[in-house]
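Undergrad: Residue numbers (the numbering used here), protein chains in the order written: chain A, 51 to 164; chain B, 2 to 116.
Here you go, one structure.
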Amino acid sequence: KAGVTQTPRYLIKTRGQQVTLSCSPISGHRSVSWYQQTPGQGLQFLFEYFSETQRNKGNFPGRFSGRQFSNSRSEMNVSTLELGDSALYLCASRYGQGSNEKLFFGSGTQLSVL
Amino acid sequence: AQSVTQLDSQVPVFEEAPVELRCNYSSSVSVYLFWYVQYPNQGLQLLLKYLSGSTLVKGINGFEAEFNKSQTSFHLRKPSVHISDTAEYFCAVSELTGGGNKLTFGTGTQLKVEL
Chain A
51 KAGVTQTPRY LIKTRGQQVT LSCSPISGHR SVSWYQQTPG QGLQFLFEYF
101 SETQRNKGNF PGRFSGRQFS NSRSEMNVST LELGDSALYL CASRYGQGSN
151 EKLFFGSGTQ LSVL
Chain B
2 AQSVTQLDSQ VPVFEEAPVE LRCNYSSSVS VYLFWYVQYP NQGLQLLLKY
52 LSGSTLVKGI NGFEAEFNKS QTSFHLRKPS VHISDTAEYF CAVSELTGGG
102 NKLTFGTGTQ LKVEL
């Protein structure tokens, strides 16, 4: 089985632009979560989607949004980019529930905002 | 709200020496506890998790962790490290509040194994 695939791997944008990141979960996984990783803040939860519905949301401004498609692929969008949005954005797909659940992380998209 | 504290940002250790990476958590409800490892330029990989039952949890690559409810700790240990264990390690908690998945991570501990 292919793992969690995130594209693109690297991205360079300028302030004020918008960006869309893509995540393809492992086949059969219906839950996708997004995390922002920065050296100072560590990993912070952005949101989780399950069957095309946002189920959980972290404490990020409205500039950060996401969606999930019927094939479970997910996109994350950041509008009006700020320098502080430079980070590694990780996507994780989830299998199972409760004690049986497992998270599988992609390698991330490294976003640099200049 | 839940929180995780990893007290050490960096831990240098010589190869074949034992290591302990510390993690303390705070939560008002029951939690699941996790340790993840991140190698350079890669995503996170699950090392081990505590859900319930035995407080000593064994994971991959020879790592183990002990859940201590009274001290709200979940320290990660390995009796003898290898150079390949050099990576960043993250402790995380997930509250048992029903549907959905939201992990709260610590800020990470960089383990550097030296010859």
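Glycine included, every Cβ here is placed at the ideal spot set by N, Cα and C.
(1) Do A/E102 and A/S83 have their CB atoms nearer than 8 Å?
(2) Three or more C-beta pairs under 8 Å: does that hold for the region 115-122 of chain A against the region 52-65 of chain A?
(3) Can you tell me whether B/V30 is buried or exposed? The criterion is at least 16 other CB atoms within 10 Å of its CB, across all chains shown.
(4) Can you tell me which of the three DSSP states B/S85 falls into?
(5) So B/L48 contacts chain D; which residues on that side make the cut at Cβ distance below 7 Å?
(6) For B/G54, name the three-state secondary structure that DSSP assigns.
(7) Starting from B/H76, follow its DSSP beta bridges and name the residues at the other end.
(8) Here's the rule: buried if 16 or more other CB atoms are within 10 angstroms of the residue's CB, otherwise exposed. What is B/T56?
(9) Considering only residues of the same chain and omitting the five flanking positions on each side of B/V58, which have a CB-CB separation below 6 Å?
(10) Which class does A/G134 belong to by DSSP, given the choice of helix, strand or coil?
(11) Quick check on DSSP: helix, strand or coil for A/A76?
(12) Under 8 Å, Cβ to Cβ, is there at least one residue of chain A near B/T108?
(13) Between the C-alpha atoms of A/S81 and A/R144, what's the straight-line distance to the nearest angstrom?
(14) From A/T166 to A/Q67, what distance separates their C-alpha atoms?
(15) Taking Cβ to Cβ, would you say A/Q86 is nearer than 8 Å to A/L71?
(16) Helix, strand or coil for B/N42, going by three-state DSSP, please let me know.
(17) According to DSSP, B/P13 sits in a beta bridge with which residue or residues?
(18) What number of angstroms, rounded off, separates the C-alpha of A/T88 from the C-alpha of A/S124?
TA: In short:
(1) The sequence position of residue 102 of chain A within the first sequence is 52, counting from 1. The sequence position of residue 83 of chain A within the first sequence is 33, counting from 1. Going by C-beta atoms, A/E102 is not nearer than 8 Å to A/S83.
(2) no
(3) Your numbering for residue 30 of chain B matches position 29 in the second sequence. By the neighbour-count rule (16 or more Cβ atoms within 10 Å), B/V30 is not buried but exposed.
(4) The residue given as residue 85 of chain B occupies position 84 in the second sequence. DSSP places B/S85 in helix when its eight states are reduced to three.
(5) The displayed structure is made up of protein chains A and B, and chain D is not among them.
(6) Counting from 1 along the second sequence, the entry for residue 54 of chain B is found at position 53. Looking at B/G54 - three-state DSSP - the assignment turns out to be coil, as it is neither helix nor strand.
(7) Taking the first residue of the second sequence as 1, we reach residue 76 of chain B at position 75. B/H76 is bridged to B/E67.
(8) Position 55 of the second sequence, counting from 1, holds the residue named residue 56 of chain B. Burial call: exposed.
(9) Position 57 of the second sequence, counted from the start, is the residue given in the question as residue 58 of chain B. Excluding sequence neighbours, B/V58 sits near L49, Y51 and A66.
(10) Taking the first residue of the first sequence as 1, we reach residue 134 of chain A at position 84. A/G134: helix per DSSP, three-state reduction.
(11) Here residue 76 of chain A refers to the residue found at position 26 when the first sequence is read from its first residue. First, the amino acid is wrong: residue 76 of chain A is Ile here, not Ala. A/I76 falls in the coil class under three-state DSSP.
(12) For this step, residue 108 of chain B is matched to residue 107 along the second sequence. It does; some Cβ of chain A falls within 8 Å.
(13) Mapped onto the first sequence, residue 81 of chain A falls at position 31. Mapped onto the first sequence, residue 144 of chain A falls at position 94. Each residue's Cα considered, the two are about 5 Å apart.
(14) Because chain A spans 51 through 164 in this model, residue 166 of chain A falls outside it and cannot be assessed.
(15) By one-based count along the first sequence, residue 86 of chain A stands at place 36. By one-based count along the first sequence, residue 71 of chain A stands at place 21. Contact flag unset, no.
(16) Residue 42 of chain B sits at position 41 when you count from the first residue of the second sequence. Reduced to three states, the DSSP call for B/N42 is coil.
(17) The residue labelled residue 13 of chain B in the question sits at position 12 within the second sequence. Bridge partners of B/P13: B/K113.
(18) Here residue 88 of chain A corresponds to residue number 38 of the first sequence, with the count starting at 1. Here residue 124 of chain A corresponds to residue number 74 of the first sequence, with the count starting at 1. When rounded, the distance between both Cα atoms is 21 Å.
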